[in-house]
Amino acid sequence: MDPLRSWLDAGEVQRLAARLIESVSDPAAPATMGEAGFDEGFVGFTGEGSAPAAPGPAASPLERHEPGHPVSAPPSASGPFLEKIRCFRDWMGREFAAAGVFILDREGAVIFHDGLDERFHVLARSLALASRRPGASTGNVHLKIGARIILEVIPVETACGCLVLGAVVPASLPPESVRTVREALAASASPASR
Amino acid sequence: MINLAVSSQKGGVGKTTVSINLAHAFARAGVRTLLVDTDPQGSVGLSLTRQSRLLSGFYDFLQDPGIPLDRLIVPTRMETLALVASGQASDYEAGGGMGAHLARVRAFLRGAAARGFDICIIDTAAGLFGATGDVIASSDAIMIPQQAEPLGIRSVPKLLEGLNRLRIMNPRLTVLGVCLTMVQHELAESAQAAAALRQLLPAEMLFQTQVPRDPLFVRASARGLPVGALEGGAGVQAVFDSLRAEIEVKLQPGASSRANAG
Ligand SMILES: Nc1ncnc2c1ncn2[C@@H]1O[C@H](COP(=O)(O)OP(=O)(O)OP(=O)(O)O)[C@@H](O)[C@H]1O
Ligand SMILES: [Mg+2]
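Taken in sequence, the protein lines are chains A and B. Position in the first sequence (first residue = 1) + 1136 = my numbering. Position 126 of the second sequence, counted from 1, bears residue number 109 in my numbering, the numbering being contiguous throughout.
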């Protein structure tokens, strides 16, 4: 028995096990769920030094973009709002291999989604909430969901207020890409045609 | 219908053996049982039906959800037991986004429920990612076979972490717990590993019933049968009846909130 103790952190195991036994509150209640999501699968705040797993070889679409190297022209911001958001979604798919994209408003309501399970919305909402730190601008957060499945959550200040973008991508986005995505969404959500 | 995933981080711990024999135990008790093989290696189908390599199955449905489930569900000699092989298509990993597959796994399970099964026991490939992740994210409950050996127990923290992560995606997942397999009471290391796990995990997370190591299992799987169907298999079948009873108790409404309150 004791040899086992020397390889295992018994306290940690018990904590993890206790969490599994707890009945998780209703998926519609984001606050509690977010806490869970935040601890366990949390990969890191970008720019905070906690390096996310390096993107896989060649397969990663992100590798096409050298830092500072511009990606293809962001979606043009003309036409009705939803149309612009759809263009943005397609652009996210092309540029970052996003398998799913959704956008929440500042109240957490879903204003756009393309079929991803709604649990992702709940998760993104709580991650965004949890990443809000007093006195600091809200950073993006990513959560590893599976092998080459990352939920990237990016709060974006736009003319319509702060929106939360959630995207399922194969590798976490580097800071330059996050900046590009922010600008693209802000432009798409801007009422003025450009 | 209850969806029960049988999964583990590690391979070769007895998932398929537990799935087949547990399905047999439920079916014998009159529970309408569907056993689904979601391991691309396809061992359930392989052991229970001769021609399983040619059967369409779970992965064919993921590729083309238009396939009627009735074409995939294979009846057995027991009226209450049917199975779905893993099938031919297995380019799952290469396929599109995660949301799409989750939706298809769920469509599969809804289809099975609509056909009147009471329980769907899902044998998965080792690991908690890929197709297995989607299955667990769509299941009501999960049980984890675990070989009673010190090295295996080392993987427990990883397993618990993985399960916590999956519960983010599937908050209604009930973790029934770890079931020790291939236990050899006469072997000090095996008994010690079992005792250590008992000390380590909360009681609710560990099945009382243990599956003993028994050469009958190897013989049974070679002949494509649940062990209870073999001569001399009655004793081992009793183990799975007891496992079944434990699962039924754990799945009773309120069981988890009781644990929670304590
Ligand atoms: N209780 C047992 N006693 C003796 N042999 C067993 C027992 N359980 C399983 N085995 C044997 O151990 C081997 C692995 O078991 P099994 O195929 O059930 O594991 P698995 O977890 O499904 O493996 P995989 O991860 O490869 O799918 C098989 O040869 C099986 O016959
Ligand atoms: Mg197996």
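Even for Gly, the Cβ is constructed at its ideal location relative to N, Cα and C. Since we're looking at a predicted model, the values are computed, not measured.
Is residue j closer than 7 Å to residue i when the C-beta atoms are compared?
| i | j | result |
| --- | --- | --- |
| residue 188(B) | residue 96(B) | no |
| residue 106(B) | residue 22(B) | yes |
| residue 1302(A) | residue 1292(A) | no |
| residue 202(B) | residue 167(B) | no |
| residue 17(B) | residue 39(B) | no |
| residue -8(B) | residue 138(B) | yes |
| residue 1233(A) | residue 1306(A) | yes |
| residue 19(B) | residue 41(B) | yes |
| residue 1304(A) | residue 1235(A) | yes |
| residue 1221(A) | residue 1248(A) | yes |
| residue 119(B) | residue 149(B) | yes |
| residue 98(B) | residue 63(B) | no |
| residue 216(B) | residue 210(B) | yes |
Going by Cα to Cα distance, which pick from the options is closest to residue i?
| i | options | result |
| --- | --- | --- |
| residue 1300(A) | 1222(A), 1250(A) and 1243(A) | 1243(A) |
| residue 1254(A) | 1287(A), 1295(A) and 1226(A) | 1287(A) |
| residue 110(B) | 196(B), 88(B) and -4(B) | -4(B) |
| residue 61(B) | 13(B), 19(B), 93(B) and 153(B) | 13(B) |
| residue 1158(A) | 145(B), 230(B) and 154(B) | 154(B) |
| residue 207(B) | 59(B), 94(B) and 184(B) | 59(B) |
| residue 1314(A) | 1235(A), 1241(A) and 1228(A) | 1228(A) |
| residue 151(B) | 1235(A), 1151(A) and 1256(A) | 1256(A) |
| residue 145(B) | 134(B), 133(B) and 125(B) | 125(B) |
| residue 112(B) | 1275(A), 1281(A) and 1250(A) | 1281(A) |
| residue 212(B) | -12(B), 135(B) and 11(B) | 11(B) |
| residue -12(B) | 135(B), 173(B), 114(B) and 133(B) | 114(B) |
| residue 1275(A) | 1321(A), 1240(A) and 1311(A) | 1311(A) |
| residue 24(B) | 173(B), 172(B) and 108(B) | 108(B) |
| residue 175(B) | 190(B), 136(B) and 87(B) | 136(B) |
| residue 190(B) | 0(B), 231(B) and 123(B) | 231(B) |
To the nearest whole angstrom, what separates the beta carbons of residue i and residue j, a pair I think is in contact under 8 Å?
| i | j | result |
| --- | --- | --- |
| residue 1153(A) | residue 143(B) | 6 Å |
| residue 163(B) | residue 117(B) | Wrong, their Cβ atoms sit about 27 Å apart, outside the cutoff. |
| residue 5(B) | residue 200(B) | With 8 Å as the limit, residue 5(B) and residue 200(B) do not qualify as a contact, their Cβ atoms being about 13 Å apart. |
| residue -10(B) | residue 127(B) | 6 Å |
| residue 2(B) | residue 104(B) | 5 Å |
| residue 71(B) | residue 53(B) | Contact doesn't hold; Cβ gap of about 17 Å is too wide. |
| residue 161(B) | residue 180(B) | 7 Å |
| residue 1144(A) | residue 140(B) | 6 Å |
In angstroms with no decimal places, state the Cα-to-Cα distance between residue i and residue j.
| i | j | result |
| --- | --- | --- |
| residue 235(B) | residue 131(B) | 28 Å |
| residue 147(B) | residue 101(B) | 27 Å |
| residue 1181(A) | residue 45(B) | Legend: pLDDT at residue 1181(A) = 36, less than 50; position of this residue unreliable, value from coordinates given subsequently. When rounded, the distance between both Cα atoms is 35 Å. |
| residue 1324(A) | residue 158(B) | 43 Å |
| residue 1318(A) | residue 1284(A) | 22 Å |
| residue 220(B) | residue 89(B) | 31 Å |
| residue 1326(A) | residue 1295(A) | 5 Å |
| residue 165(B) | residue 1230(A) | 50 Å |
| residue 156(B) | residue 1156(A) | 9 Å |
| residue 177(B) | residue 229(B) | 18 Å |
| residue -2(B) | residue -14(B) | 15 Å |
| residue 7(B) | residue 233(B) | 19 Å |
| residue 227(B) | residue 9(B) | 7 Å |
| residue 1150(A) | residue 183(B) | 7 Å |
| residue 94(B) | residue 1225(A) | 31 Å |
| residue 253(B) | residue 192(B) | Outside the shown range of chain B, which is -16 to 245, sits residue 253(B), and nothing can be said about it. |
| residue 1199(A) | residue 1316(A) | Here the model assigns residue 1199(A) a pLDDT of 31, short of 50, so the residue's position is not dependable, and the following value carries that caveat. Using only the alpha carbons, I get a separation of about 15 Å. |
| residue 67(B) | residue 1148(A) | 38 Å |
| residue 1277(A) | residue 170(B) | 49 Å |
| residue 1218(A) | residue 1240(A) | 13 Å |
| residue 1297(A) | residue 1264(A) | 14 Å |
| residue 214(B) | residue 65(B) | 22 Å |
| residue 1223(A) | residue 50(B) | 33 Å |
| residue 1163(A) | residue 1262(A) | Its pLDDT being 41, under 50, residue 1163(A) is placed unreliably in this model, and the value from its coordinates should be taken loosely. Those two C-alpha atoms are separated by around 11 Å. |
| residue 1309(A) | residue 173(B) | 46 Å |
| residue 134(B) | residue -6(B) | 13 Å |
| residue 1322(A) | residue 1258(A) | 22 Å |
| residue 87(B) | residue 69(B) | 14 Å |
| residue 0(B) | residue 123(B) | 21 Å |
| residue 129(B) | residue 198(B) | 18 Å |
Given the structure, does residue i come close to ligand 4, in the sense that its CB is under 6 Å from one of the ligand's heavy atoms?
| i | result |
| --- | --- |
| residue 152(B) | Within the structure as shown, ligand 4 is missing, the only ligands being ligand 1 and ligand 2. |
What runs of the beta strand (DSSP E), each 3 residues or longer, lie entirely inside the region 137 to 182 of chain B? 157 to 164
Entirely within the region -10 to 31 of chain B and at least 3 residues each: give me those beta strand (DSSP E) ranges in chain order. 16 to 20
Continuous alpha helix (DSSP H) assignments of at least 4 residues falling wholly in the region 1277 to 1324 of chain A: 1311 to 1324
Can you list the beta strand (DSSP E) stretches of 3 or more residues lying completely in the region 59 to 123 of chain B, in chain order? 64 to 67 and 102 to 106
Could I get the ranges of all uninterrupted alpha helix (DSSP H) runs contained in the region 197 to 236 of chain B, with 4 residues as the minimum, in chain order? 198 to 205 and 217 to 234
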